[in-house]
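Quick notes on the structure that follows.
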Amino acid sequence: MGRNRKRYTDDMKISIAQEALRAKDKDAEIASKNGIAPSTLCEWKEALLNGDLKTQKEKEQQTRIEELEVQNKALKETLGSKELELELLKKNDSFLNLPKRGRSSTRQ
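Spelled out as structure tokens, the structure:
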């Protein structure tokens with residue numbers, strides 16, 4: 158029978174890697190204390206330093222940023238088409254020499 162593999166969340170990996178970066182203990186001791194191989198700890202530290210490990214909160218924030226960027230793009234496209242539509246209406250209005258809409262200058 159194979160041994161069950163432990164799963165570590167990114168938050169746990171970050172916590173252990175930060176401990177290893179701060180601690181004066183050797184990586185082997187920290188790895189042993191956390192039940193992981195020293196090579197795994199080195200991989201986690203490298204990933205943390207490279208910015209490849211993100212907390213759940215950071216992942217949620219990144220997802221929200223991406224959603225807002227998509228929404229922003231759609232709004233800009235809508236605004237652009239409305240501005241174009243308005244410009245065409247203004248040109249059409251001046252071309253036809255229609256009187257401007259608004260209050261009449263004559264009063265009764």
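Counting in my numbering, the sequence shown runs without a single skipped number right up to 265 at its last residue.
Ideal Cβ positions, reconstructed from N, Cα and C, are used throughout, including at glycine.
Alpha helix (DSSP H) segment containing residue i, residue limits
{"i": "A194", "result": "Note, A194: premise wrong, no alpha helix (DSSP H); not H, not E."}
{"i": "L178", "result": "167-179"}
Residue i burial status per 10 Å Cβ neighbour count (16 or more: buried)
{"i": "L210", "result": "buried"}
{"i": "I222", "result": "exposed"}
{"i": "D248", "result": "Before going further, note that residue 248 is Lys rather than Asp in the sequence given. Exposed."}
{"i": "L198", "result": "buried"}
{"i": "L205", "result": "buried"}
Through-space distance from residue j to residue i, alpha-carbon basis
{"i": "V227", "j": "K163", "result": "37 angstroms"}
{"i": "L245", "j": "K239", "result": "10 angstroms"}
{"i": "E224", "j": "L236", "result": "18 angstroms"}
{"i": "W201", "j": "T220", "result": "23 angstroms"}
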